[in-house]
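Residue numbers (the working numbering): 9 to 479.
Beta carbons are placed, not taken as given, at the ideal position from N, Cα and C, and that holds for glycine.
Because the structure is a prediction, the values reported are computed rather than measured.
I have placed the structure first, in the form of structure tokens, so that the comments after it can refer back to it.
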């Protein structure tokens, strides 16, 4: 190191774990010829850099400007340090710090790179329903505690094979320190079962049989990111009516999932804001105005949804696939429905079923088949719902893709728990300048939902190190 070398200690707060931030810092530092290290802590990311003053200045400028797209930097503190004469830059093991906390990333829809690999016959993850990287995949739903490292997630049980481990250890790889990293050789897999748990098919054949069942008018319970969804042919009134009767949901509209934006335009009116929301990394359900005499899709004929999908509303809730499994399940093919009902896996007013045994017990009288997988879910997570009036997009239900990212307050205050109402419940915990809103909980009128509510509060208190002084 040159005689004029200087050092900086940098602390970055925000959503900076599970979003490729450490690999980004490593790449930036090595490109600028800086030595030092970066590591996760319970309060964010710490960086020590040493090198020429001009390189350190560029590092400070480019750190926030070129951060990964999923990172949300809330604050950066920089302190000068005397250089230690380090010769290289490295990523160090994470460090837990008592009493500190960090922001946690929401789950993110599959990225374009992973989607291309999913359908590339030459790729080793071809048609693997759990493909992910540092830019996408599960986050909040699999984390047990911070810092965000694989041993503290539900992926801890899956030991990486040598090829996955090599990707995980390579700072130049897109899967460098991607905690859910896996492949067909070492990762989770899907299973199709009957309601009594009898295994009917596994892996690729399980998805193929589930698709055939949907084409035949059956209802399939699908394990998603944060719980189960109930899927059926959205163009079949018989299938939709059967689902309504079994779910005991006579009137509330069902959401549907379509394979792409072009198909969404054949279901409802998609303006620029609706298109942005539908394709965003958060992938919410978006309420679209149904086509009428004054509107018609430019990309093809209107899709004839079953009248029972959204009776009497004039709108339809639409979402695009957000997991690899969804893309495989909805893959366009002759005879396969262009739209599926994709509604929460529960009886009316209960929380969504989260794990396999629970789903088989609670949904056994609703679903004809169960498309399960063995990656654990630690936090329930319903789909978010948005609509886009002329005044601007508005959330109706804030959950997957948004929670647990907080709302920043214009002041700092004490740690408070706001319990929320009995109906349409969400709760809120505050710490410092942040208000941590829970995902949608629902109506607290039964024991299952109340237990979900209490467990969610405990999880938030643990993740964000909150012990409320005021309730």
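Which of helix, strand or coil DSSP assigns to residue i
i, result
"residue 250", "helix"
"residue 405", "strand"
"residue 384", "coil"
"residue 79", "coil"
"residue 296", "strand"
"residue 270", "helix"
"residue 95", "coil"
"residue 443", "strand"
"residue 429", "coil"
"residue 141", "strand"
"residue 88", "strand"
"residue 101", "coil"
"residue 346", "coil"
"residue 206", "coil"
"residue 315", "coil"
"residue 422", "strand"
"residue 355", "coil"
"residue 338", "coil"
"residue 284", "helix"
"residue 377", "strand"
"residue 56", "strand"
"residue 152", "coil"
"residue 437", "strand"
"residue 416", "strand"
"residue 333", "helix"
"residue 452", "coil"
"residue 158", "helix"
Enclosing beta strand (DSSP E) for residue i [first to last residue]
i, result
"residue 214", "Not the beta strand (DSSP E): residue 214 falls in the alpha helix (DSSP H), residues 211 to 223."
"residue 112", "Counting along the chain, residue 112 falls outside any beta strand (DSSP E), and DSSP gives it neither H nor E."
"residue 187", "Premise fails: residue 187 is in no beta strand (DSSP E) and is neither H nor E."
"residue 263", "263 to 265"
"residue 240", "236 to 241"
"residue 167", "Looking at the DSSP string, residue 167 is not in any beta strand (DSSP E), and its letter there is neither H nor E."
"residue 16", "14 to 23"
"residue 42", "Segment: none, residue 42 is in no beta strand (DSSP E) and carries neither H nor E."
"residue 482", "Outside the shown range of the chain (9 to 479) lies residue 482, about which nothing can therefore be said."
"residue 198", "198 to 201"
"residue 393", "393 to 395"
Close beta carbons around residue i, own chain, < 6 angstroms, minus the five adjacent residues each side
i, result
"residue 162", "150, 384 and 386"
"residue 230", "237, 239 and 379"
"residue 189", "172, 176 and 183"
"residue 338", "267 and 329"
"residue 321", "261"
"residue 247", "225, 240 and 241"
"residue 156", "25 and 26"
The alpha helix (DSSP H) enclosing residue i, as first and last residue numbers
i, result
"residue 469", "455 to 471"
"residue 124", "120 to 126"
"residue 369", "364 to 371"
"residue 38", "29 to 39"
"residue 328", "No alpha helix (DSSP H) contains residue 328, which DSSP labels as neither H nor E."
"residue 65", "61 to 73"
"residue 173", "170 to 177"
Rounded distance between the beta-carbons of residue j and residue i, thought under 8 angstroms
i, j, result
"residue 160", "residue 147", "Contact flag wrong, Cβ pair sits at about 12 angstroms."
"residue 128", "residue 226", "With a Cβ gap of about 31 angstroms, residue 128 and residue 226 do not count as contacting."
"residue 63", "residue 29", "About 20 angstroms separates the two Cβ atoms, so there is no contact after all."
"residue 56", "residue 41", "Between residue 41 and residue 56 the Cβ distance is about 15 angstroms, and since that is not below 8 angstroms, they are no contact."
"residue 425", "residue 476", "4 angstroms"
"residue 191", "residue 132", "6 angstroms"
"residue 276", "residue 299", "6 angstroms"
"residue 233", "residue 136", "Contact flag wrong, Cβ pair sits at about 16 angstroms."
Contacts around residue i, its chain only, beta-carbon distance under 8 angstroms, and the 5 residues preceding and following it disregarded
i, result
"residue 325", "261, 262, 263, 264, 293, 294, 295, 296, 318 and 393"
"residue 178", "184"
"residue 414", "111, 442, 443, 444 and 445"
"residue 228", "218, 221, 222, 238, 239, 240, 375, 376, 377, 378 and 379"
"residue 290", "114, 116, 117, 392, 408, 409 and 410"
Sequence-distant residues of the same chain with beta carbon closer than 7 angstroms to residue i, five excluded per side
i, result
"residue 94", "43, 44 and 58"
"residue 361", "235, 236, 353, 354, 367, 370 and 371"
"residue 205", "368"
"residue 91", "9, 13, 14, 15 and 58"
"residue 107", "473"
"residue 463", "none"
The region 13 to 27 contacting the region 85 to 100, beta-carbon criterion three pairs below 8 angstroms: A contact exists between the region 13 to 27 and the region 85 to 100.
contact_flag[the region 338 to 348, the region 359 to 370] where n(CB pairs < 8 angstroms) is 3 or more: As far as the Cβ criterion goes, the region 338 to 348 does not touch the region 359 to 370, which means the pair count is below three.
Cβ pair count under 8 angstroms reaching 3, the region 107 to 126 against the region 30 to 44: Counting Cβ pairs under 8 angstroms, fewer than three are found: no touch.
Given 8 angstroms, three or more beta-carbon pairs between the region 402 to 411 and the region 447 to 455: With a cut-off of 8 angstroms, the region 447 to 455 and the region 402 to 411 count as touching, because enough Cβ pairs lie within range.
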